Amino acid sequence: MSELPEWVKRHKKPGIAIEERNGRYYATRVKSVWDPNKRRARKITVEYLGVVTPEGIIPPKHKRPVKVGGIREAGHVLLLNHFAKPLLKPLQQYWPDTWQSILAAAVLKLIYLEPFKRLSFHYETSYASQLWPDAALSKNSITQLLEKLGSDWGAQRCFFEDISQGNTHIAIDLTQIFSASYNISWLEKGYNAEDIFYDQFQILLLWSIETHLPAFLKILPGTASSARNLLHAVYESNLRNVTVVGDKGFFSDENVRELEEAGVHYILALKRDTQFIEYPSATQYKNYFLYRDRAQWWRERMWKGRRVVVYLDKVMAGEEETMFLKRVEEGRSTMKEYRKHRNWFGTLALLTDTGMDAKELYEMYKTRREIEYAFDALKNTLECDKTWIQSRESLQGYFFIHFISLYLYSQVLEHLRRKDLLQRYTVRDVLCFLSKVYTVDVNGKQVVGEITKSTRELID
20 MSELPEWVKR
30 HKKPGIAIEE
40 RNGRYYATRV
50 KSVWDPNKRR
60 ARKITVEYLG
70 VVTPEGIIPP
80 KHKRPVKVGG
90 IREAGHVLLL
100 NHFAKPLLKP
110 LQQYWPDTWQ
120 SILAAAVLKL
130 IYLEPFKRLS
140 FHYETSYASQ
150 LWPDAALSKN
160 SITQLLEKLG
170 SDWGAQRCFF
180 EDISQGNTHI
190 AIDLTQIFSA
200 SYNISWLEKG
210 YNAEDIFYDQ
220 FQILLLWSIE
230 THLPAFLKIL
240 PGTASSARNL
250 LHAVYESNLR
260 NVTVVGDKGF
270 FSDENVRELE
280 EAGVHYILAL
290 KRDTQFIEYP
300 SATQYKNYFL
310 YRDRAQWWRE
320 RMWKGRRVVV
330 YLDKVMAGEE
340 ETMFLKRVEE
350 GRSTMKEYRK
360 HRNWFGTLAL
370 LTDTGMDAKE
380 LYEMYKTRRE
390 IEYAFDALKN
400 TLECDKTWIQ
410 SRESLQGYFF
420 IHFISLYLYS
430 QVLEHLRRKD
440 LLQRYTVRDV
450 LCFLSKVYTV
460 DVNGKQVVGE
470 ITKSTRELID
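Heads up, the sequence shown is in the numbering used here, so the first residue is 20 and it goes up one at a time.
Here you go:
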């Protein structure tokens, strides 16, 4: 055996043997035992100690102390990253430098429903920082991102065309959104629910009936629900077979005429005090269907060649009647008003030019309501985010991030629908349960923690 280098000899002590193989030195612990056959002592290896280096003996991996690093919330981020796969290619194509920031912001917005100023904290404490290491979510970075996103409307249009699927879409003019930003010249004044005169705007959202996913979003100026503005955006989307599903503020003779002249079908909810609606007693509703285990009674009549379908939910009617009579007892209403309005309780009237049956119409309108509720939850941070929204471009960029969030929300919702779990869980439930699934940094690798049986039921 050749002479050992001095730095190797330092580790050659009693009970430790060092062997050279292919230019490397390996240390083992040895001891002497009596061999009765040979009638003398012999050395045996007790354990392998590791590789000898100038810095010391490096033990084998299984003997090294485990280094446990940061613990991060991961389950919800991993689930949404899975559902984001259809978006990755177009995001990377149209925003190669910022796609990670876009996706990280959308995912964190959906999970935490927090203003932009808090996203960087959640980014650092969740698995998002490992999935999208190049995301930039500081205040300055977000400001630049929103402006850049909104100023490139052409890229957004191409993105929407790439992800849109299915042949049938509904167009939804989402409820008016009020803004305290004074640098957006095309905002118009209007009254909010508290009768405060405020700058406001609207949003057009196109939604695929087949896939239950959003397909297009654009900011619309103005306070009125204008069919002309809506139709212009529908044409711009390049989507065909679109049906406008409007809430109670959308109906007007002019809007109906505009839609019919453009050849666009519509389903419009009507205010209960619309003059041409007839409200007979409950016994006059002869037809019904079941919707989510509740009977929906309905009757139909024509108005100027258009169908008006009036629905009666007797459970809701009872609740509304009770509330109204409480107002009478408190002196805030009268029995005369009760007798005038009692046939209104629990009703919904829809005006349409489609050939859908009563149940299809009702389900289509309810789809609109579900979408609106989901979007409302996302936009509740708008007031806190107003410092980031000081131009039309940044506003469009802001709601593009929310569009991605809504897409992911809808994917989770559809996942629950496929697994027949919608009666038991909401999307918020899923994200909450999965927030308890962590990753731990063990020796530089991310290890997913334990997943409970009930949580696994949601994701398998």
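Heads up, the beta-carbon is just placed ideally off N, CA and C, and yes, glycines get one too.
These figures come from a predicted structure and were not determined experimentally.
When the Cα atoms are used, what is the spatial distance from residue i to residue j?
{"i": "lysine 530", "j": "tyrosine 392", "result": "Here the chain covers residues 20 to 479 and nothing more, so residue 530 does not appear."}
{"i": "isoleucine 161", "j": "tyrosine 444", "result": "33 Å"}
{"i": "methionine 335", "j": "serine 145", "result": "43 Å"}
{"i": "arginine 276", "j": "histidine 231", "result": "29 Å"}
{"i": "glutamate 382", "j": "leucine 236", "result": "22 Å"}
{"i": "glycine 88", "j": "valine 261", "result": "Because glycine 88 carries a pLDDT of 47, less than 50, the predicted location of this residue cannot be relied on, and the following value inherits that uncertainty. When rounded, the distance between both Cα atoms is 52 Å."}
{"i": "lysine 28", "j": "leucine 477", "result": "60 Å"}
{"i": "glutamate 22", "j": "isoleucine 37", "result": "11 Å"}
{"i": "isoleucine 423", "j": "lysine 378", "result": "31 Å"}
{"i": "threonine 64", "j": "arginine 40", "result": "17 Å"}
{"i": "glutamate 229", "j": "valine 431", "result": "16 Å"}
{"i": "arginine 436", "j": "leucine 370", "result": "29 Å"}
{"i": "phenylalanine 364", "j": "glutamate 339", "result": "6 Å"}
{"i": "asparagine 211", "j": "aspartate 479", "result": "Because the pLDDT at asparagine 211 is just 49, under 50, the model does not fix this residue reliably, and the point stays unresolved."}
{"i": "glutamine 409", "j": "alanine 190", "result": "27 Å"}
{"i": "glycine 75", "j": "histidine 30", "result": "8 Å"}
{"i": "proline 33", "j": "lysine 464", "result": "37 Å"}
{"i": "valine 85", "j": "arginine 43", "result": "Only weak support exists for where valine 85 lies, its pLDDT of 46 falling under 50; the value from the coordinates is given anyway. Between valine 85 and arginine 43, the C-alpha separation is close to 25 Å."}
{"i": "tryptophan 316", "j": "leucine 331", "result": "5 Å"}
{"i": "cysteine 451", "j": "threonine 474", "result": "10 Å"}
{"i": "valine 70", "j": "alanine 46", "result": "6 Å"}
{"i": "isoleucine 286", "j": "tyrosine 307", "result": "19 Å"}
{"i": "proline 24", "j": "threonine 72", "result": "11 Å"}
{"i": "serine 429", "j": "isoleucine 130", "result": "13 Å"}
{"i": "leucine 224", "j": "asparagine 159", "result": "29 Å"}
{"i": "arginine 447", "j": "glutamate 66", "result": "54 Å"}
{"i": "glycine 173", "j": "serine 256", "result": "11 Å"}
{"i": "glutamine 149", "j": "tryptophan 118", "result": "15 Å"}
{"i": "tyrosine 417", "j": "glycine 265", "result": "24 Å"}
{"i": "glutamate 356", "j": "lysine 472", "result": "55 Å"}
{"i": "arginine 59", "j": "lysine 50", "result": "14 Å"}
{"i": "tyrosine 201", "j": "leucine 138", "result": "Confidence is the limiting factor: at tyrosine 201 the pLDDT is only 47, short of 50, which leaves the residue's position unreliable and the question unanswerable from this model."}
{"i": "threonine 341", "j": "glutamate 389", "result": "26 Å"}
Kindly give me the distance between the Cβ atoms of residue i and residue j, rounded to whole angstroms, as I take these residues to be in contact under 8 Å.
{"i": "glutamate 412", "j": "glycine 185", "result": "Wrong, their Cβ atoms sit about 30 Å apart, outside the cutoff."}
{"i": "leucine 481", "j": "leucine 239", "result": "The question about residue 481 has no answer, for the chain in this structure spans 20 to 479."}
{"i": "alanine 147", "j": "leucine 127", "result": "6 Å"}
{"i": "glycine 94", "j": "valine 459", "result": "Actually they are not in contact, since the Cβ atoms of glycine 94 and valine 459 sit about 13 Å apart, beyond 8 Å."}
{"i": "histidine 421", "j": "leucine 397", "result": "5 Å"}
{"i": "lysine 305", "j": "arginine 318", "result": "7 Å"}
{"i": "phenylalanine 419", "j": "glutamine 175", "result": "6 Å"}
{"i": "histidine 188", "j": "alanine 234", "result": "6 Å"}
{"i": "alanine 288", "j": "lysine 267", "result": "5 Å"}
{"i": "aspartate 54", "j": "arginine 48", "result": "That belief does not hold up - the Cβ atoms of aspartate 54 and arginine 48 are roughly 19 Å apart, past 8 Å."}
{"i": "leucine 132", "j": "asparagine 399", "result": "7 Å"}
{"i": "isoleucine 35", "j": "leucine 68", "result": "7 Å"}
Start and end of the beta strand (DSSP E) containing residue i?
{"i": "methionine 321", "result": "313 to 322"}
{"i": "tyrosine 44", "result": "43 to 54"}
{"i": "threonine 445", "result": "No beta strand (DSSP E) holds threonine 445; DSSP gives it neither H nor E."}
{"i": "phenylalanine 308", "result": "306 to 310"}
{"i": "leucine 287", "result": "284 to 289"}
{"i": "glutamate 38", "result": "35 to 40"}
{"i": "alanine 368", "result": "366 to 371"}
{"i": "lysine 62", "result": "59 to 72"}
{"i": "tyrosine 330", "result": "325 to 331"}
{"i": "valine 261", "result": "261 to 265"}
{"i": "isoleucine 408", "result": "Per DSSP, isoleucine 408 belongs to no beta strand (DSSP E) and is neither H nor E."}
{"i": "isoleucine 77", "result": "75 to 77"}
Specify, as a first and last residue, the run of the alpha helix (DSSP H) that residue i falls within.
{"i": "arginine 437", "result": "411 to 437"}
{"i": "threonine 386", "result": "377 to 398"}
{"i": "tyrosine 357", "result": "354 to 360"}
{"i": "isoleucine 182", "result": "172 to 182"}
{"i": "glycine 94", "result": "94 to 102"}
{"i": "leucine 278", "result": "272 to 281"}
{"i": "isoleucine 130", "result": "118 to 131"}
{"i": "threonine 144", "result": "138 to 144"}
{"i": "glutamine 303", "result": "Neither: glutamine 303 is in no alpha helix (DSSP H) and is coded neither H nor E."}
Decide if the stretch 96 to 104 is in contact with the stretch 113 to 128; the criterion is three or more beta carbon pairs, one per stretch, under 8 Å apart. yes
Between the stretch 340 to 357 and the stretch 254 to 272, can you find at least three pairs of beta-carbon atoms closer than 8 Å? No: the two stretches stay apart, fewer than three of their Cβ pairs being nearer than 8 Å.
Would the stretch 323 to 330 count as touching the stretch 287 to 297 if we require 3 or more Cβ pairs under 8 Å? yes
Cβ pair count under 8 Å reaching 3, the stretch 279 to 292 against the stretch 305 to 322: no
Specify whether the stretch 68 to 82 and the stretch 104 to 114 touch according to this definition: at least 3 beta carbon pairs, one from each stretch, less than 8 Å apart. no
Determine, using beta-carbon pairs with one atom in the stretch 149 to 157 and one in the stretch 170 to 184, whether at least three such pairs fall under 8 Å. no
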